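Protein chains in written order, with this note's numbering: chain X, 141 to 633; chain U, 141 to 633.
2 protein chains.
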Amino acid sequence: MSKGLPKRSEDYSLWYNELVKKADLAENSAVRGCMIIKPYGYSIWEKMQAELDRMFKETGHTNAYFPLFIPKSFLSKEASHVEGFAKECAVVTHYRLKNSEDGSGVIVDPEAKLEEELIVRPTSETIIWSTYKNWIQSYRDLPLLVNQWANVVRWEMRTRLFLRTAEFLWQEGHTAHSTAQEAKDETMQMMNVYAQFAEEFMALPVVRGRKTANERFAGAEDTLCIEAMMQDGKALQAGTSHFLGQNFAKAFDVKFATKDGGLDYVWGTSWGVSTRLMGALIMAHSDDNGLVLPPKLAPIQVVIIPIYRKDEEFEAISEKANEIMAELRKEGISVKFDNRDTHKPGFKFAEYELKGVPLRIAIGPRDLENGTVEIARRDNLTKSQFELASQPIAEKIGGMLEEIQKSIYSKAFDFREEMITEVNSWDEFKDVIDKKGGFISAHWDGTPETEDKIKDLTKATIRCIPFARKAESGSCVLTGNASEGRVYFAKAY
Amino acid sequence: MSKGLPKRSEDYSLWYNELVKKADLAENSAVRGCMIIKPYGYSIWEKMQAELDRMFKETGHTNAYFPLFIPKSFLSKEASHVEGFAKECAVVTHYRLKNSEDGSGVIVDPEAKLEEELIVRPTSETIIWSTYKNWIQSYRDLPLLVNQWANVVRWEMRTRLFLRTAEFLWQEGHTAHSTAQEAKDETMQMMNVYAQFAEEFMALPVVRGRKTANERFAGAEDTLCIEAMMQDGKALQAGTSHFLGQNFAKAFDVKFATKDGGLDYVWGTSWGVSTRLMGALIMAHSDDNGLVLPPKLAPIQVVIIPIYRKDEEFEAISEKANEIMAELRKEGISVKFDNRDTHKPGFKFAEYELKGVPLRIAIGPRDLENGTVEIARRDNLTKSQFELASQPIAEKIGGMLEEIQKSIYSKAFDFREEMITEVNSWDEFKDVIDKKGGFISAHWDGTPETEDKIKDLTKATIRCIPFARKAESGSCVLTGNASEGRVYFAKAY
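Here's what the structure looks like:
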């Protein structure tokens with residue numbers, strides 16, 4: 141197959157868009173800004189969901205489901221929340237269509253106007269806290285540890301597949317606690333769950349940190365985040381976890397009887413990751429040949445391709461392939477035997493390269509004679525002969541998959557490290573942001589004004605105040621005022 | 141705990157509503173007609189989803205995701221589809237809110253009116269077939285076997301938790317085929333998958349059959365269904381599978397190059413089950429004490445409750461409980477040890493009865509002395525002493541869970557059989573529908589007019605033309621005209 145994929149070095153943005161479409165991950169729909177997640181793309185998302193869901197349950201959370209619609213008035217109840225979310229909402233105003241009088245189609249029935257408009261949820265804090273009011277009376281009802289897998293809508297003007305779409309899929313955790321400390325611990329715990337998921341499964345190194353007030357979630361007192369570095373030097377926020385203080389409890393009057401007989405507002409958190417992670421996964425690892433998927437999230441880990449001319453060769457190869465498949469499956473390795481006779485091996489090689497299948501096994505007549513197979517790694521494009529008698533093949537393949545998982549992570553980690561630049565002057569800052577990109581580790585005076593000014597001048601924002609920063613006071617890279625420590629600036633998706 | 145549950149015999153409808161709320165399955169939300177699925181209810185739905193998803197994948201389907209919104213004009217493209225679905229739609233007309241000038245809250249920004257209104261999907265045939273147009277060019281692209289797990293909205297006027305809600309969760313399969321026969325086979329296959337799921341997992345016997353033209357899906361040429369019988373004698377449609385013919389392919393111009401060089405419209409199917417199944421599950425098996433859950437769908441299969449007075453008794457019982465838990469979990473049995481010291485055993489007994497946990501193990505000090513435990517079955521409320529030395533407990537419990545699963549099915553099956561009444565005169569028909577309910581097996585002349593008339597007179601509809609009906613011609617129970625065979629009438633949810 142002809143891939144027709146642009147090179148990253150020529151047009152990174154076009155490369156990304158084309159890759160998403162050509163690898164059958166997603167495409168634009170007839171509805172502006174809404175994407176279709178295609179079966180191959182969705183199967184990666186399902187693997188992400190499964191692992192995250194397991195991690196949420198292991199940390200004591202259960203799933204539930206809350207309504208898609210939010211009464212308009214709910215949005216206004218938390219003052220900063222409405223500022224953050226009211227701008228870009230899909231608004232339901234009517235509940236019926238009818239045939240047009242000229243018979244040309246259907247029109248909105250003006251008689252069926254809602255008394256109060258409904259907002260398609262951009263996030264569910266308001267509807268959930270209005271529910272928690274009924275669920276929480278006493279400290280015995282706490283903590284309440286609930287997660288929801290759902291679709292949400294934010295009417296973005298400029299959209300990009302997976303990275304920024306009007307509708308997207310996500311999970312949103314919403315927890316309620318009896319003390320501020322417990323809620324803060326939960327906020328930190330979930331940020332760490334996200335980081336662990338990103339690093340262990342997505343092979344994506346992330347910086348753990350805290351957002352500045354400017355970049356905080358609308359309605360939160362503190363927002364923790366994980367930030368990843370893409371190959372073009374732009375950062376991507378991969379997950380956020382918010383300490384809500386008592387803001388939503390106050391907005392929705394959620395109080396509880398304390399152990400010592402008092403009455404207090406409940407403390408809250410919320411945290412979420414979305415199909416945006418798909419964008420991060422694609423952009424972090426893939427190359428000019430197509431997708432590179434970490435084995436732990438690859439829907440197909442191994443593909444077997446037969447190389448043959450005659451029917452009897454195909455028969456013999458199929459027999460061997462079936463043996464190998466059985467052995468791999470016994471060890472939980474997902475494997476596909478592509479025995480289509482409608483496509484040549486070269487076409488298949490290119491197709492699985494494009495789709496990022498981590499390992500390809502090719503078997504030809506000479507391999508059968510020699511008791512070998514050819515194994516090719518997608519990540520570094522190396523090939524090797526493997527003698528079947530030398531080691532059980534499931535052990536060999538299992539080992540290689542682990543190696544690939546580590547290797548993809550290391551490559552991304554080394555790149556990320558290389559893309560962190562400490563700068564100590566404004567000229568240096570401008571130079572690095574223009575020419576190199578990546579994270580700029582610089583002193584900042586702690587004011588939103590300086591942050592805004594730097595954003596205006598360079599489009600770089602403070603991605604986070606990293607938890608792992610060294611203790612080092614200094615002077616702000618823009619204003620020269622006192623700084624408590626370095627923060628990470630970057631241009632971001 | 142005090143259950144405060146009404147009796148089925150006194151007010152079946154109130155019993156159902158109260159049970160759904162008291163067993164923590166679902167509740168109404170602040171948005172009219174939209175429900176909140178609570179954690180315990182959602183965990184049952186998750187088990188249903190997992191089994192169905194496995195069955196779909198085993199039959200070759202993959203999941204994907206299509207947009208929540210459908211352009212209004214799409215709905216009109218298939219003539220009978222628009223008739224069926226345009227009536228009760230949530231319509232998005234605007235994409236922004238703004239602060240009201242008097243500062244009292246937010247209002248819809250009149251400047252942000254959509255050019256074309258968007259409908260919140262009531263079902264996704266239209267948006268999916270508009271997409272399939274791009275996915276299908278040749279017979280090589282067929283069959284296309286796609287499923288979607290999603291939320292949908294139908295603006296129902298009278299709603300009931302799980303049974304009929306404005307928003308509900310479901311799966312919708314949408315497949316495309318190169319021949320009518322293949323699409324018909326798929327339609328039949330998926331109806332059978334649903335029937336197998338209902339019987340094997342939900343312990344719910346179903347009648348497999350075909351809908352009459354009146355009851356067919358809007359846009360389908362044939363609708364197959366599974367129909368279940370509830371304890372109050374009303375039927376419940378538990379799943380439908382539609383043969384769409386070439387209707388949607390024609391509406392969206394989806395053609396494919398045939399093997400022999402021609403060009404033809406694609407043949408389609410769609411099929412779905414929803415959170416309505418939760419309603420069926422609850423109503424089919426539960427009793428005046430609360431939920432009765434088939435073990436295969438119970439989030440907790442076994443609960444262990446300690447009976448003690450002194451702390452050292454609790455210690456010893458806990459040790460034994462932990463041993464038992466470990467043994468049960470090793471065999472994949474889900475078990476909870478309720479060691480709360482804030483609630484008495486009696487309260488716990490009632491709570492797990494209400495929540496339908498299939499087996500309860502109670503352990504007291506005397507049990508420890510005697511090497512026994514007490515095992516209580518939720519379904520038939522029987523209790524027995526079990527000698528731990530007599531048999532490995534996991535084997536005993538595993539066997540009992542299987543027995544319960546079968547027993548719940550048998551009970552529902554016997555009831556359903558008892559509720560099928562053959563009638564041969566109109567007087568008998570009226571009598572049975574008024575006094576006994578259930579399925580009425582009667583001859584019908586095959587006309588929509590007679591069907592409508594019977595509905596007007598009795599509220600009973602033709603639930604299906606059962607596949608298993610015997611070959612028997614006769615005369616219509618209402619008109620006396622010739623009939624090709626008996627059909628099942630019932631009042632239905």
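We put the CB at the ideal spot given by N, CA and C, even for glycine.
Nothing here was measured: the structure is a model prediction, and the numbers come from that model.
Under the DSSP assignment, residue 404 of chain X falls in the beta strand (DSSP E) whose first and last residues are 403-405. Spanning the alpha carbons of residue 177 of chain X and residue 291 of chain U requires a straight line of approximately 15 Å. Closest option to residue 474 of chain X, judged by alpha-carbon separation, among X:502, X:437, X:494: X:437. Neighbours of residue 178 of chain X in chain U, taken as residues whose beta carbon is under 7 Å from its own, are 204 in chain order. Only buried fits residue 498 of chain X, as 16 or more other CB atoms lie within 10 angstroms of its CB. The Cβ-Cβ distance between residue 171 of chain X and residue 258 of chain U falls below 9 Å. Between the alpha carbons of residue 175 of chain U and residue 300 of chain U lies a distance of about 9 Å. Taken through DSSP and simplified to helix, strand or coil, residue 181 of chain X comes out as helix. Under the Cβ criterion of 9 Å, residue 238 of chain X is counted among the residues facing chain U. Counted as a single uninterrupted DSSP element, the beta strand (DSSP E) harbouring residue 313 of chain X occupies residues 307-317. Across the set X:289, X:487, X:417, the C-alpha of X:417 shows the shortest separation from the C-alpha of residue 339 of chain X.
Listed by position along chain U, the residues whose Cβ is nearer than 7 Å to that of residue 310 of chain X form an empty set, because the closest Cβ is around 12 Å away. Going by C-alpha positions, residue 454 of chain U is about 38 Å away from residue 269 of chain X.
Per DSSP, the unbroken alpha helix (DSSP H) holding residue 266 of chain U starts and ends at 265-275. Nearest CB-CB separation between residue 417 of chain X and chain U: not below the 9 Å threshold. With a cutoff of 9 Å on beta-carbon distance, residue 492 of chain X and residue 533 of chain X are scored as not near each other. Among the residues of chain X, those whose CB is under 7 Å from the CB of residue 245 of chain U are 213, 216, following chain order. Shown here, residue 631 of chain U sits in coil according to DSSP, grouped into three states, outside any helix or strand.
Chain U has no Cβ within less than 9 Å of the Cβ of residue 332 of chain X.
Closest in C-alpha terms to residue 406 of chain X, from the list X:624, X:537, X:231, X:284, comes X:284.
Burial check for residue 261 of chain X: the Cβ neighbour count within 10 Å reaches 16 or more, so the residue is buried.
Taking each of U:227, U:600, U:423, U:385 in turn and checking the Cα distance to residue 345 of chain U, the smallest one comes out for U:423.
The criterion of a C-beta distance shorter than 9 Å is not satisfied by residue 626 of chain U and residue 566 of chain U. Taking 9 Å as the cut-off, the beta carbon of residue 601 of chain U is found no closer than this to the beta carbon of residue 622 of chain U. Close CB contacts of residue 435 of chain U within its chain, under the 7 Å cut and outside five residues either way in sequence, are with 441, 498, 541, 544, 545 (chain order).
Spatial neighbours of residue 231 of chain U in its own chain (CB-CB distance under 7 Å, excluding positions within 5 residues in sequence) are listed in chain order as 257, 259. For residue 220 of chain X, the enclosing alpha helix (DSSP H) begins and ends at 219-225.
Using a 10 angstroms sphere on the CB of residue 207 of chain X, the tally of other CB atoms reaches 16 or more, which defines it as buried. Secondary structure remark: continuous beta strand (DSSP E) runs of at least 3 residues inside the stretch 500-555 of chain X, in chain order: 512-517, 523-527. Closest in alpha carbon position to residue 576 of chain U, among U:216, U:334, U:589, U:557, is U:557.
Taking a 10 Å sphere around the C-beta of residue 496 of chain U, we find 16 or more other C-beta atoms and assign the residue as buried. With a threshold of 9 Å between beta carbons, residue 167 of chain U makes contact with chain X. Within the same chain, and ignoring the five residues on either side of residue 513 of chain U in sequence, the residues whose Cβ sits closer than 6 Å to its Cβ are 501, 503, 507, 526.
Bounds of any alpha helix (DSSP H) do not take in residue 341 of chain U, whose DSSP letter is neither H nor E. The beta carbons of residue 468 of chain U and residue 537 of chain U sit closer together than 9 Å. The DSSP-derived three-state label of residue 377 of chain U is strand.
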